[in-house]
């Protein structure tokens, strides 16, 4: 009985060893390339489950049910990492965070893992996926060690090939801003005058129409209007809405209304001019100031038209000289 058990254990050991057998062959050489004699001589002693690799350790065939089946090799895809530098400006009272996007030239399914290490003391990291791009998030505590650090990022391809890229992490001492400046996105800015942080961080002054925008006292305002325009209604939202060159209500300046007696008006290049005279009136003296001053229907000196004088003893009625 003891001899039988020893023989049985030996047989099990041989079987287990045989099933782990690996046949390495030159690249490009598979079993169908061999003669029948060469195949039988090479393979007859290997059990079901034996696998064959080429010299690059790529699986090419496997023995199943005493038959050898070729294996279709997957295309080996590797990553091309793009890792720009990253900076963290510490805060003296609270944690700060920043991130870097790691651009991949392969689908996410082919990227197995990203492992940052050698981080400074007091920092932690997490990863996320934003629009099919890996994002590495790094958070630092107020007591984090400062200086320049190299963070190695490792990815593994679908073929098991590892690729490494180095991220330079700059951890800086807390930034102290001098009033009235405050810290916005790790930069000291004067929120009283900064158009991109007007009144508080992140408040961007809009581009008002026909105007140059500014931030004054923490409020967005119009610094100046483009040439020929003005903010006559005093409303910020529509900017410098008035064209001073052609507005009859603001001709050349806000509030300068063009008006001439008995006439329409036009504003040309910022100057008021007489338009057409009202029916029955004319500008016989050629002066703009008094408009169309003559009533052609009743003027004995301009009866029906400028310069038409009714003879002595006659008068102008409805533009005609009558007795």
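In this note's numbering, the protein residues as written are 6 to 328. C-beta atoms are modelled at their ideal positions from N, C-alpha and C, and glycine is treated no differently.
Secondary structure at residue i, three-state DSSP: helix, strand or coil?
i: residue 152; result: strand
i: residue 248; result: strand
i: residue 199; result: coil
i: residue 312; result: coil
i: residue 159; result: strand
i: residue 292; result: coil
i: residue 300; result: strand
i: residue 280; result: strand
i: residue 213; result: coil
i: residue 181; result: coil
i: residue 95; result: coil
i: residue 307; result: coil
i: residue 224; result: strand
i: residue 5; result: The shown model of the chain, from 6 to 328, leaves out residue 5, and the question about it has no answer.
i: residue 321; result: strand
i: residue 259; result: coil
Rounded to whole angstroms, what's the CA-CA distance from residue i to residue j? Just pull it up for me.
i: residue 229; j: residue 149; result: 47 Å
i: residue 312; j: residue 218; result: 56 Å
i: residue 255; j: residue 196; result: 35 Å
i: residue 226; j: residue 208; result: 13 Å
i: residue 328; j: residue 267; result: 28 Å
i: residue 95; j: residue 210; result: 28 Å
i: residue 144; j: residue 90; result: 15 Å
i: residue 241; j: residue 184; result: 28 Å
i: residue 261; j: residue 269; result: 15 Å
i: residue 114; j: residue 141; result: For residue 114, the predicted structure reports a pLDDT of 49, less than 50, and the residue's modelled location is therefore unreliable. The matter cannot be settled from this model.
i: residue 275; j: residue 294; result: 16 Å
i: residue 272; j: residue 290; result: 21 Å
i: residue 171; j: residue 123; result: 11 Å
i: residue 232; j: residue 263; result: 21 Å
i: residue 259; j: residue 224; result: 24 Å
i: residue 190; j: residue 102; result: 10 Å
i: residue 126; j: residue 222; result: 41 Å
Is it buried or exposed, residue i, if we count other Cβ atoms within 10 angstroms and call 16 or more buried?
i: residue 78; result: Here the model assigns residue 78 a pLDDT of 47, short of 50, so the residue's position is not dependable, and the following value carries that caveat. Exposed, by the Cβ-count rule.
i: residue 131; result: exposed
i: residue 304; result: buried
i: residue 317; result: exposed
i: residue 199; result: buried
i: residue 158; result: buried
i: residue 252; result: buried
i: residue 244; result: buried
i: residue 216; result: buried
i: residue 181; result: exposed
i: residue 314; result: exposed
i: residue 92; result: exposed
i: residue 138; result: exposed
i: residue 235; result: buried
i: residue 282; result: buried
i: residue 296; result: buried
i: residue 247; result: buried
i: residue 321; result: buried
First and last residue of the beta strand (DSSP E) that includes residue i?
i: residue 139; result: 138-145
i: residue 106; result: 101-107
i: residue 132; result: 128-135
i: residue 275; result: Looking at the DSSP string, residue 275 is not in any beta strand (DSSP E), and its letter there is neither H nor E.
i: residue 243; result: Premise fails: residue 243 is in no beta strand (DSSP E) and is neither H nor E.
i: residue 188; result: 186-189
Taking residue i as the reference, which of the options has the closest Cα?
i: residue 220; options: 214, 204, 234, 232; result: 204
i: residue 188; options: 202, 176, 175; result: 202
i: residue 286; options: 271, 308, 245, 278; result: 308
i: residue 128; options: 99, 186, 190, 139; result: 99
i: residue 133; options: 248, 106, 279, 191; result: 106
i: residue 239; options: 250, 213, 257; result: 213
i: residue 147; options: 278, 97, 321; result: 97
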